[in-house]
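In this text, residue positions in the sequence shown follow full-length UniProt numbering: the first is 1, and each later residue adds one.
Virtual Cβ for every residue (Gly too), placed ideally from N, Cα, C.
For reference, the structure is listed below as structure tokens.
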Amino acid sequence: MEQNAFSWIAAKAMLINAANHIREYLAFCTNDTMRSQAERYKGQVAINLVQLEIQKNNFKSANAIAIKNLDHVKNFSKGYVAEAYSTLDYTQFLLKDYKNSVSTSKQSVNEHIKIGNYDGVKASREMLIGNYMKLGLKEEASKEAQLILDKSFKLES
């Protein structure tokens with residue numbers, strides 16, 4: 001087995017192991033603050049798993065993990081919904097699911113606006129531009145580019 005394949009397998013095993021430990025911890029933890037923090041870590045582990053799957057071009061697997069993670073953070077770690085939408089959006093783009101990616105990009109923009117994260121807004125608008133270009137919607141792409149230049153916090157509809 002080549003070194004990169006071993007490293008990937010080892011990293012994935014460690015992340016799965018971390019997720020299992022977090023689940024075990026959550027089974028007995030009664031402190032709300034600690035539970036919230038553990039749920040956030042669980043979401044971060046999922047995003048790292050998405051990154052590993054993307055590294056191996058396993059886009060469908062990455063997308064499935066991203067979908068589950070978005071559902072998870074919506075329920076348990078609302079402060080990370082914007083990041084979860086961004087992650088899902090990227091997997092949809094890689095799967096060439098541009099129409100759904102447009103919708104997810106817009107949700108990502110709006111969530112980043114809610115938390116005041118301009119860098120996230122910018123990155124999400126850049127994804128929108130990429131999707132619009134892939135769909136041949138140059139006028140929409142141009143409008144998004146202008147919003148980036150204006151550093152706009154205009155919500156998407």
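Buried versus exposed call for D32 [16 or more other C-beta atoms within 10 Å across all chains shown]: exposed
Rounded separation between S36 and I9 - CA only: 29 Å
Rounded C-alpha distance that separates A13 from A62: 16 Å
Whole-Å CB distance - Y90 paired with M127, under 8 Å assumed: 7 Å
Test item: CB-CB of V109 and E156 under 7 Å: yes
Contacts around K56, its chain only, beta-carbon distance under 8 Å, and the 5 residues preceding and following it disregarded: W8
Cβ neighbours of N20 in the same chain (closer than 7 Å, five flanking residues each side left out): none
Continuous alpha helix (DSSP H) assignments of at least 4 residues falling wholly in the stretch 39 to 100: 59 to 76, 81 to 94
Through-space distance from K68 to S77, alpha-carbon basis: 13 Å
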